[in-house]
Amino acid sequence: GNSVTQMEGPVTLSEEAFLTINCTYTATGYPSLFWYVQYPGEGLQLLLKATKADDKGSNKGFEATYRKETTSFHLEKGSVQVSDSAVYFCALSDSSWGKLQFGAGTQVVVTP
Amino acid sequence: EAQVTQNPRYLITVTGKKLTVTCSQNMNHEYMSWYRQDPGLGLRQIYYSMNVEVTDKGDVPEGYKVSRKEKRNFPLILESPSPNQTSLYFCASSLSDRREAFFGQGTRLTVV
């Protein structure tokens with residue numbers, strides 16, 4: 163079956179540092195890949211997505227590239243802010259009726 | 042405003058007392074799902090629905106029921122809640138499979 167593995171947290175960074183969260187996946191087909199973000203006390207929001215190999219998703223300074231050869235979708239941001247403190251989830255969706263397969267989530271804490 | 046609305050946001054109940062968590066979306070989405078979020082496990086799908094009167098089990102369906110009598114509503118029913126169902130629950134909807142999902146704000150359920 164499908165699975166998503168992402169690095170464990172918490173990841174603690176200083177403001178303006180570079181952020182990378184690793185995500186690798188296992189899937190039988192050609193899934194769509196997503197990063198969702200969950201701010202404290204809120205639901206999940208879509209951060210970015212990629213639907214085919216070599217696509218790059220980007221939003222709010224975050225980027226991730228769909229790498230089929232390494233089955234990865236690593237999230238990066240060049241200069242984080244305190245407001246980026248949240249839990250980040252990598253997820254995939256194949257044709258199985260809209261089901262999202264999530265990683266365990268990575269908590270990111272950005273300090274001033 | 043496009044949204045998924047869950048109620049209640051917080052609920053404390055006792056073992057065995059039937060409860061329903063409501064979910065409604067105003068985006069005319071075909072797909073709706075329920076997930077539970079537990080520390081270290083990410084989000085796991087409980088049930089999903091592809092359209093009115095079409096539902097199926099996700100990864101962790103035991104102890105839960107759903108119904109889809111109208112396109113916009115997808116309630117989650119716990120007939121006899123137990124403490125191991127203490128969790129954070131999210132409803133989500135999407136336009137079709139492989140598309141991004143929109144999440145509700147979550148329902149934090151405690152069963153004592």
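Protein sequence lines correspond, in order, to chains A and B. The first sequence begins at 163 in the working numbering and counts up by one. The second sequence begins at 42 in the working numbering and counts up by one. All residues carry an ideal CB built from backbone N, CA and C; glycine is no exception. The structure presented is a predicted model; accordingly, all values stated were derived computationally and were not measured.
| Query | Result |
| --- | --- |
| For A:F251 and B:C83, believed in contact at Cβ under 8 angstroms, the rounded distance | As written in the sequence, residue 83 of chain B is Gly, which differs from the Cys given in the question. Between A:F251 and B:G83 the Cβ distance is about 6 angstroms, and since that is below 8 angstroms, they are a contact. |
| Alpha carbon of B:G147 to alpha carbon of A:E178, nearest angstrom | 31 angstroms |
| Residues near A:S176 by beta carbon distance below 7 angstroms, same chain, minus five either side | T273 |
| Validate contact between the segment 219-228 of chain A and the segment 43-60 of chain B using beta carbons, cut 8 angstroms, 3 pairs | no |
| B:T46 beta carbon near the ligand GDP (any heavy atom closer than 8 angstroms) | Among the components of this structure there are no ligands whatsoever, and the ligand GDP is therefore not found. |
| Residue-chain proximity (A:L158, chain B), Cβ-Cβ < 9 angstroms | With chain A covering 163 to 274 only, the question about residue 158 of chain A has no answer from this structure. |
| Partners in chain A for B:Q66, counting only beta-carbon separations shorter than 9 angstroms | Going along chain A, no residue has its Cβ under 9 angstroms from B:Q66, so there is no contact; the nearest lies around 12 angstroms. |
| B:A133 versus B:A43, B:Y76 and B:K59, residue with shortest Cα-Cα distance | B:Y76 |
| Distance between beta carbons of A:Y187 and A:E195, contact taken as under 8 angstroms | Just to set this straight, residue 195 of chain A is Leu in the shown sequence, not Glu. Yes, they are in contact, since the Cβ atoms of A:L195 and A:Y187 sit about 7 angstroms apart, within 8 angstroms. |
| Straight-line gap, A:L208 to B:Q44 (C-alpha atoms, nearest Å) | 13 angstroms |
| Segment contact, 8 angstroms Cβ cut-off, at least three pairs: the segment 242-250 of chain A with the segment 263-271 of chain A | yes |
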